[in-house]
Amino acid sequence: MTTHDANPAGDSAALVLFSGGQDSTTCLAWALAHFSRVETVGFDYGQRHRIELAQRAALRDGLAALSPLWRSRLDEDHTISLEALGAISETALTREAEIALGEGGLPNTFVPGRNIIFLTFAAALAYRRSIADLVGGMCETDYSGYPDCRYDTIRAVNRALTLGMATDVEIHTPLMWIDKAATWRMAHDLGGEGLVDLIVEESHTCYLGERGKRFEWGYGCGECPSCKLRAAGWEKFAATL
Numbered sequence: 009m010t011t012h013d014a015n016p017a018g019d020s021a022a023l024v025l026f027s028g029g030q031d032s033t034t035c036l037a038w039a040l041a042h043f044s045r046v047e048t049v050g051f052d053y054g055q056r057h058r059i060e061l062a063q064r065a066a067l068r069d070g071l072a073a074l075s076p077l078w079r080s081r082l083d084e085d086h087t088i089s090l091e092a093l094g095a096i097s098e099t100a101l102t103r104e105a106e107i108a109l110g111e112g113g114l115p116n117t118f119v120p121g122r123n124i125i126f127l128t129f130a131a132a133l134a135y136r137r138s139i140a141d142l143v144g145g146m147c148e149t150d151y152s153g154y155p156d157c158r159y160d161t162i163r164a165v166n167r168a169l170t171l172g173m174a175t176d177v178e179i180h181t182p183l184m185w186i187d188k189a190a191t192w193r194m195a196h197d198l199g200g201e202g203l204v205d206l207i208v209e210e211s212h213t214c215y216l217g218e219r220g221k222r223f224e225w226g227y228g229c230g231e232c233p234s235c236k237l238r239a240a241g242w243e244k245f246a247a248t249l
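In my numbering, each residue carries its 1-based index in the sequence shown increased by 8.
Rendered as structure tokens:
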């Protein structure tokens, strides 16, 4: 499992877990810079902020427009329905509930097993598509404390998928050890102001699904944990411009 660098062969392919948020959009740009063929997959699990899924097409189109090379590398998109995950999850991301700290100090936006399930389905799809490399936006540096975002969790899943599918699976997590400001910086380094502007205008990370108000960093409620993380990262990043 790698956390940042990748040196794939000329005919390499990657499948990006692409939600339509800031992190996954940055990871998609990273994949387009490192792999010769890149497919994307999104998951519909009845999330409260499912408007993120609607933003994916505009983001893919925007990335393709930023670079002829990226356009040539961007391949098929897939959406997988995981309604059962939403049905069994009593969380503020899958129910109309106030966001708060839950048992054990975890926020009630934590959807148990979500990333493990996402990676398993992504690996199954990648197997069918003859893709060995998965790319995800998991991060344990600047996040809400979700245990399935931690490096050790992703490493264990990587090992299990490799064993369980009897084939080499490589999970890349370019954002694992960086904060939100550095994520904005990575986007700028990869695609310049054009990519930063695209992420601001089209990506969605607000847990409440709000897109009515436009802030410097994008659309959202401005109050949920996701919006606060994004805003703080933007402020720190913008101070360096």
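Every residue, glycine too, gets a C-beta built ideally from N, C-alpha and C.
For residue 60, same chain residues with a beta-carbon under 7 Å away, outside a window of 5 residues either side, are 27, 28, 29 and 212 in chain order.
Its chain contains 47 as the residues whose beta carbon lies nearer than 6 Å to that of residue 84, once the 5 sequence neighbours on both sides are disregarded; these appear in chain order. When DSSP states are grouped into helix, strand and coil, residue 226 belongs to the strand group. Fewer than three pairs of CB atoms, one per stretch, sit closer than 8 Å, so the stretch 213 to 226 makes no contact with the stretch 153 to 169. In the three-state reduction of the DSSP assignment, residue 174 falls in the coil class, being assigned neither a helical nor a strand state.
With respect to residue 134, residue 23 sits close: the two C-beta atoms are nearer than 9 Å. Residue 90 places its beta carbon 9 Å or farther from that of residue 31.
The way I'd put it, the stretch 186 to 204 doesn't touch the stretch 152 to 159; fewer than three beta-carbon pairs between them come closer than 8 Å.
Residue 87 is classed as exposed because its beta carbon has fewer than 16 other beta carbons within 10 Å across all chains shown. Under a 10 Å Cβ-count criterion, residue 248 is classified as exposed, with fewer than 16 other Cβ atoms of the shown protein chains found around its own Cβ.
Following the DSSP letters along the chain, one finds residue 84 inside the beta strand (DSSP E) bounded by residues 82 to 89. Per DSSP, residue 48 is one residue of the beta strand (DSSP E) stretching across 45 to 52.
Scanning 246, 233 and 231 for the CA closest to the CA of residue 224 turns up 246.
Per DSSP, reduced to three states, the secondary structure at residue 125 is helical. It is roughly 7 Å from the alpha-carbon of residue 145 to the alpha-carbon of residue 184.
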